[in-house]
Amino acid sequence: MSRFATLRPGAHRAGAALLAALAALDLVWIVRDFSKAADVTDAWWMWSGLLFRAQDGIWTSSFVEPTLLVLYTVCAVTALLSSATAGVLLSAGALTILLRVPTLWNLNAGWVQGGVSDGLRTQVLISDIAMLVLGVALIVTVFAGRGTGAPAGDGPPPAGGRHDVPARPTPAGGLAASVLLGAVAAVLVSWEVRAWAEQGWGPYWEHFTGDGTLVTLLAVPESWYAWSLALLAAGGATAAYRGSPFARPLGMTVCAPLLGLGLFRLSFAAKAGLLESIGTLGLRDRLSMATSLFEVLVSLAVLAALAGRGEEAPGPVPQPGTIRSFSSA
């Protein structure tokens, strides 16, 4: 991380523009589904997992789109103002690639080929490819935009500004985030292993890839989503445990899709009346709702744990003839 801890001003602006473009693409499909819903709330309940029919019978978005829309918007603002921009861009880029790859093959599924117009299918495919390209561009921006320290000027930059060296998590915050992210990764993996054992490899593989299991064009297969979050959460837990300056942006980025997953599942449970009848449900259903609540609480707790700024990471070594700037974190 120290090799690309700070970015040149142009990289900050480029990263923010790429994130804004990703947010705009998600917004386009959300607005499209709003226009196809008999009532705007139908789209919300569809994202939650309830069956509501679109006016043309085709939904394009899933709960992933509003979740990422919020994440990209926050990250775009952060990229303009924060010293942790490199970590933000890398995390957002990796998440985008992980969640958008399955759409490439799911648009060739039988129900899509037979029930979706070629025009809409092509538009979604182009949009998905654009998202993947933007995700890769976020990562490239970090490596191409590495700075060599604070910009030259008459005085030190403002404390806490984007030219500061990214801060590590506090010792207590890093430990707490590590434990929480490790726990949620273990829970996600446990559910997937259980599903694999119950269903067998063939049905589980279809669930993992989305073959015949998706109801919207941009939906991410449930098991693919869970494994992706588990991977990122495990990475965030490791970074937080080591006190890496990458821990704060990665951990906070993971919290967005994790929080979205838990909130929309609880929304489904509330709308379906499962919360009121929780005492009559089977053990599996109760554990599922408990997991959703756990995901929400962990997300909020990790955000709080990583909000505090610890020590700054070692900055770039000043070049001969330059003046090194200092700032208080």
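If you count the sequence shown from 1, position 2 lands on 1 in numbering that gives the first Met the number 0, and the numbers rise without skipping. Ideal Cβ positions, reconstructed from N, Cα and C, are used throughout, including at glycine.
| Taking just the CA atoms, how far does residue 18 sit from residue 26? | 12 angstroms
| task | Indicate the three-state DSSP secondary structure (helix, strand or coil) for residue 244 in the structure shown. | result | coil
| query | Between which two residues does the alpha helix (DSSP H) harbouring residue 10 extend? | reply | 8 to 35
| field | Nonlocal neighbours in the same chain, by C-beta distance under 8 angstroms from residue 68, ignoring five residues either side | value | 22, 25, 26, 29
| Going straight from the alpha carbon of residue 169 to that of residue 36, what length do you get? | 46 angstroms
| field | Simplified DSSP state of residue 220, which is helix, strand or coil | value | coil
| query | Are the CB atoms of residue 180 and residue 253 nearer to each other than 8 angstroms? | reply | yes
| message | Counting C-beta neighbours from all protein chains within 10 Å, is the total for residue 50 16 or more, i.e. buried, or is it exposed? | response | exposed
| Segments assigned alpha helix (DSSP H), at least 4 residues, entirely inside the stretch 32 to 84 | 39 to 47, 63 to 80
| request: Pull up the DSSP beta-bridge partners for residue 215, would you. | output: 58
| request: Using alpha carbons as the reference points, say which of 14, 212, 224, 191 lies closest to residue 73. | output: 14
| task | Determine, using beta carbons only, whether residue 246 and residue 255 come nearer to each other than 8 angstroms. | result | no
| said: Give me, in chain order, the residues of the same chain whose beta-carbon lies closer than 7 angstroms to that of residue 66; leave out the 5 immediate sequence neighbours on both sides. | reply: 255, 256, 259
| request: Take the Cβ of residue 107 as the centre, count every other Cβ of all protein chains shown within 10 Å, and call the residue buried at 16 or more, exposed below. | output: exposed
| said: Would the stretch 263 to 272 count as touching the stretch 206 to 219 if we require 3 or more Cβ pairs under 8 angstroms? | reply: no
| In or out: residue 127 buried (at least 16 other Cβ within 10 Å) or exposed? | buried
| residue 277 - containing alpha helix (DSSP H), residue span | Where residue 277 is concerned, there is no enclosing alpha helix (DSSP H), given that its DSSP letter is neither H nor E.
| request: Give the single residue among 236, 262, 263 whose Cα lies nearest to the Cα of residue 251. | output: 236
| If you draw a straight line from the C-alpha of residue 226 to the C-alpha of residue 187, how long is it? | 7 angstroms
| message | Can you give me the C-alpha to C-alpha distance between residue 248 and residue 195, rounded to a whole angstrom? | response | 32 angstroms
| Taking the DSSP output, what are the residues bridged to residue 145? | 6
| task | Report all residues from its chain with a CB closer than 8 angstroms to the CB of residue 232; omit the five preceding and five following residues, and keep chain order. | result | 180, 181, 183, 184, 187, 253, 257
| task | Please say whether residue 282 and residue 261 have beta carbons closer to each other than 8 angstroms? | result | no
| request: Assuming residue 304 contacts residue 172 (C-beta within less than 8 angstroms), just tell me the rounded distance between them. | output: 4 angstroms
| task | Quick one: using the 10 Å Cβ neighbour count with 16 as the cut-off for buried, is residue 229 buried or exposed? | result | buried
| Residue span of the alpha helix (DSSP H) that contains residue 209, given as start and end | Taken as a continuous stretch (DSSP letters only), residue 209 belongs to no alpha helix (DSSP H), as it is neither H nor E.
| query | Can you give the beta carbon distance from residue 130 to residue 95, rounded, assuming they're within the 8 angstroms contact cut? | reply | 6 angstroms
| task | Confirm, please, whether the CB-CB distance from residue 244 to residue 86 is below 8 angstroms. | result | yes
| message | According to DSSP, simplified to helix, strand and coil, what is residue 135? | response | helix
| request: Could you tell me how far apart the beta carbons of residue 111 and residue 217 are, in whole angstroms, since I believe they sit closer than 8 angstroms? | output: The pair is not a contact, with the Cβ atoms about 11 angstroms apart (cut-off 8 angstroms).
| chain D beta carbons: is any one of them nearer than 8 angstroms to that of residue 204? | Given the protein chain composition of this structure (a single chain), no chain D is represented.
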